[in-house]
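Reading through the structure tokens given below for one structure.
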Amino acid sequence: MTISIAAEPIPLTINTDGVALVAGTRVTLDTVVYVFQQGATAEEICLAYPSLNLADVYAVIVYYLRHQEEVEKYLQERQ
Numbered sequence: 001m002t003i004s005i006a007a008e009p010i011p012l013t014i015n016t017d018g019v020a021l022v023a024g025t026r027v028t029l030d031t032v033v034y035v036f037q038q039g040a041t042a043e044e045i046c047l048a049y050p051s052l053n054l055a056d057v058y059a060v061i062v063y064y065l066r067h068q069e070e071v072e073k074y075l076q077e078r079q
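Take 1 as the starting number for the sequence shown in the working numbering and just add one per residue.
Put into structure tokens, the structure is as follows:
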């Protein structure tokens, strides 16, 4: 059996107002990062926001952790 190892696209989109959303939902990157910073697990985030799927939440959290400085700057600009 062969495993395919390929980079998955980050499930984020930018709407016409410049707001980052989890793809296919109206849940903002701001929301996911905030509840994650408050200690919520990916599973808890999915329970709180049923339009999200677990794989996308994990991917967004990984994106945040790998690009923390950039995301924090984006969040500050949005305030």
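The beta-carbon is built from N, C-alpha and C at its ideal position, and this holds for glycine as well.
Because the structure is a prediction, the values reported are computed rather than measured.
Straight-line gap, residue 52 to residue 37 (C-alpha atoms, nearest Å): By one-based count along the sequence shown, residue 52 stands at place 52. By one-based count along the sequence shown, residue 37 stands at place 37. Between residue 52 and residue 37, the C-alpha separation is close to 18 Å.
Per-residue burial, residue 27 [other beta carbons within 10 Å of its own, 16 or more giving buried]: Here residue 27 corresponds to residue number 27 of the sequence shown, with the count starting at 1. Buried is the call here.
State yes or no: is the C-beta of residue 54 within less than 8 Å of the C-beta of residue 40? Counting from 1 along the sequence shown, the entry for residue 54 is found at position 54. Counting from 1 along the sequence shown, the entry for residue 40 is found at position 40. Cβ distance not < 8 Å, so residue 54 and residue 40 don't count as in contact.
Same chain, Cβ closer than 7 Å to residue 19, neighbours up to 5 away in sequence not counted: By 1-based counting over the sequence shown, the position of residue 19 is 19. Contacts found: 28.
Quick one: is residue 17 buried, meaning 16 or more other Cβ sit within 10 Å of its Cβ, or exposed? Sequence index remark: in the sequence shown, residue 17 carries index 17 (1-based). Label assigned to residue 17: exposed.
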